[in-house]
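Q: All residue numbers for the sequence shown refer to my numbering, where the first residue is 22 and numbers rise by one.
Ideal Cβ placement from N, Cα and C applies to all residues, glycine included.
So that we are looking at the same thing, I have put the structure below in structure tokens.
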Amino acid sequence: MPITQRAATLAEVLDELTAEGAPELTERYPDGSLRCYACGHRCLIKQGRRGICKVRFNRGGKLMVPMNYVAALACDPTEKKPFFHVLPGSDTLTFGMLGCDLHCAYCQNWLTSQALRDEAAGTLPRFVTADRLVSLAQSYGAQLIGSSYNEPLITAEWAVEVFKRAKAAGLRTAFISNGNATPQVLDFLRPWTDCYKIDLKAMNDRSYRQLGGVLDNILETIKMVHKRGFWEEIVTLVVPGFNDSEDELRRAAEFIASVSPDIPWHVTAFHQDYKMTDNPNTTAEQLIRACEIGRRAGLRYVYAGNLPGRVGRWENTYCPRCDELLVERYGFVVRRVRVTPDGHCPTCGATIPGIWS
């Protein structure tokens, strides 16, 4: 998509808030063009041109990438990310920048993610340092810092800049991503990143291409993230008429279970947003059906989100061995935690995977 006049002005502002990209994510060619490995598009960027994300560009043979600003910032429950097996009841200071490598019609963060594609998105950057973000997290009592709101893969260098300081301060770190990654960017992130959330948006490649992605890239990322030892949770926004058939949900659940049955799968409720206003909102009954499909596929931890109090047991964490209630929730509110600090069921001693202390 071309950059509009307003977006072009915004791009000029953002171009000043940049630094040279990480060598681990850059391949150089003799003619001055570059290959970027921040996301699965692996853009070949000629001098003076931009990648698909619009925020990584080639200036004189150097890959320039976003740095030292935020366009969204909030301190809210870690369950909202959502991570249900990471320090229940904690808060995460979450920051985001501008731009995305996808263009989902139902994006709930389109004011930041589509700022360089859509005239209606008017979010502006605010200068900040990595140290300031860590100080804010500490002042709010947050136990994690997370990168979200736009697609953090395309701003991976900034995330690592923040995460290095966060880890030194004793905080956990989290990446909230669409999962369109590469081996290079995951290796770049891994030393500084504890938790990784991936959106598995569909199990149909044609649907993924409508959003600007490729299904196989996302499935490979899910496997690579697990193999590298990030704590991983997966979300599928259940959109009626788009990805909610029993066959598609079953294939999603079976794929996750084939990687590990211990990966939590969150099925969340769609509500009409951005450019997708014809599909009906997801009902509680549809979420419960998706949860039951996930359980039958062998997943041990399946959760229904966005409809608090309407999905029964699917908001809570239960022991897969003895069915003891371990974490009781209402929406993002954690009412009770009974998992031991070293990650076990207090009744039968079963190991409950996650980060509990």
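Looking only at C-alpha atoms, which of R63, E349, V360 and L137 sits nearest to W377?
A: The residue with the shortest Cα to Cα distance from W377 is V360.
Q: Rounded to the nearest angstrom, what separates E313 and E269 at their Cα positions?
A: So the alpha carbons of these two residues sit roughly 14 Å apart.
Q: For the alpha helix (DSSP H) that contains D226, what are its first and last residues?
A: Residues D226 to L232.
Q: Apply the 10 Å Cβ neighbour rule to Y50 and answer buried if 16 or more other Cβ atoms are within range, or exposed otherwise.
A: Y50 comes out exposed.
Q: Identify whether P173 lies in helix, strand or coil by the three-state DSSP scheme.
A: It is helical.
Q: Taking 9 Å as the cut-off, decide whether the C-beta atoms of T194 and D215 are in contact.
A: In contact: T194 and D215 (Cβ atoms closer than 9 Å).
Q: Checking 9 Å against the spacing of the C-beta atoms, do P103 and K222 come in under that value?
A: Cβ atoms of P103 and K222: not closer than 9 Å.
Q: Would you mind sorting Q26 into buried or exposed? The rule is 16 or more other CB atoms within 10 Å of its CB.
A: Annotation note: pLDDT 49 at Q26 (below 50); position unreliable, no value reported.
Q: Give the DSSP-derived three-state secondary structure of D112 in the structure shown.
A: DSSP places D112 in strand when its eight states are reduced to three.
Q: Quickly, what does DSSP pair W218 with across the bridge? List them, please.
A: For clarity, residue 218 is Lys in the given sequence; the question names Trp instead. Note: K218 sits in a beta bridge opposite I197 and E254.
Q: Mapping DSSP to helix, strand and coil, what is T322?
A: In the sequence on display, residue 322 carries Tyr and not Thr. DSSP places Y322 in coil when its eight states are reduced to three.
Q: Compute the distance between the beta-carbons of I239 and N201, then report whether it is under 9 Å.
A: In contact: I239 and N201 (Cβ atoms closer than 9 Å).
Q: Could you say which of V332, R321 and E336 lies nearest to A371 if we only look at CA atoms?
A: Of the listed residues, the one whose Cα sits closest to A371 is R321.
Q: Are there 16 or more other CB atoms within 10 angstroms of the CB of E37, so buried, or fewer, so exposed?
A: E37 should be labelled exposed.
Q: Out of L258, P87 and F105, which one is the CA nearest neighbour of A151?
A: Ranking L258, P87 and F105 by Cα distance to A151 puts P87 first.
Q: Nearest by alpha-carbon distance to A187: which of A93, A163 and G117 is it?
A: A187 has its Cα closest to that of A163, out of A93, A163 and G117.
Q: How should L346 be labelled, buried or exposed, when 16 other C-beta atoms within 10 angstroms of its C-beta is the threshold for buried?
A: L346 is exposed by the Cβ-count criterion.
Q: Identify every run of the beta strand (DSSP E) within the segment 259-347, keeping only runs that are complete inside it and at least 3 residues long; order them along the chain.
A: If we require 3 residues or more, the beta strand (DSSP E) runs fully inside the segment 259-347 come out as 286-290 and 323-326.
Q: May I have the straight-line CA-CA distance separating V288 from Y351, to the nearest angstrom?
A: In a straight line, the C-alpha of V288 is about 16 Å away from that of Y351.
Q: Please give the ranges of any beta strand (DSSP E) in the segment 347-371, keeping only runs that are unbroken, at least 3 residues long and fully inside the region.
A: Listed in chain order, the complete beta strand (DSSP E) runs (minimum 3 residues) inside the segment 347-371 are 354-358.
Q: Taking buried to mean at least 16 other C-beta atoms within 10 Å of its own C-beta, is Q135 buried or exposed?
A: Under this definition Q135 is a buried residue.
Q: Leaving out five residues before and five after Q129 in sequence, what residues of the same chain have Cβ atoms less than 6 Å from its Cβ?
A: If we look at Q129 and ignore the five residues flanking it on each side, its Cβ neighbours are D294.
Q: Only counting runs of 4 or more residues, tell me where the alpha helix (DSSP H) segments fall wholly within the segment 24-57, in order along the chain.
A: Segments of the alpha helix (DSSP H) lying fully in the segment 24-57: 26-36.
Q: From the DSSP secondary-structure annotation, give me the bridge partner or partners of A93.
A: A93 is bridged to G117.
Q: For the segment 96-115 against the segment 41-56, do three or more pairs of beta-carbon atoms, one drawn from each stretch, fall closer than 8 Å, so that the two count as touching?
A: With a cut-off of 8 Å, the segment 41-56 and the segment 96-115 do not count as touching, because too few Cβ pairs lie within range.
Q: Output needed for G69: all residues of its chain with C-beta closer than 7 Å, excluding positions within five of it in sequence on either side, in chain order.
A: Taken in chain order, the residues that qualify are N79.
Q: Assign N130 to one of three DSSP states: helix, strand, or coil.
A: Residue state, collapsed to three classes: coil.
Q: Short of 8 Å in beta carbon distance, which residues of its chain neighbour W335, apart from the five on each side in sequence? Order them along the chain.
A: For W335, where only same-chain residues beyond five positions count, the Cβ hits under 8 Å are L308, I309, C312, V323, Y324 and A325.
Q: Could you say which of A189, V259 and S198 lies nearest to T303 if we only look at CA atoms?
A: For T303, the nearest C-alpha among the options comes from V259.
Q: Does DSSP put R249 in a helix, in a strand, or in coil?
A: Three-state DSSP puts R249 in a helix.
Q: Going by the DSSP bridge assignment, what does M85 pair with across the sheet?
A: Beta-bridge pairing links M85 to E41 and F78.
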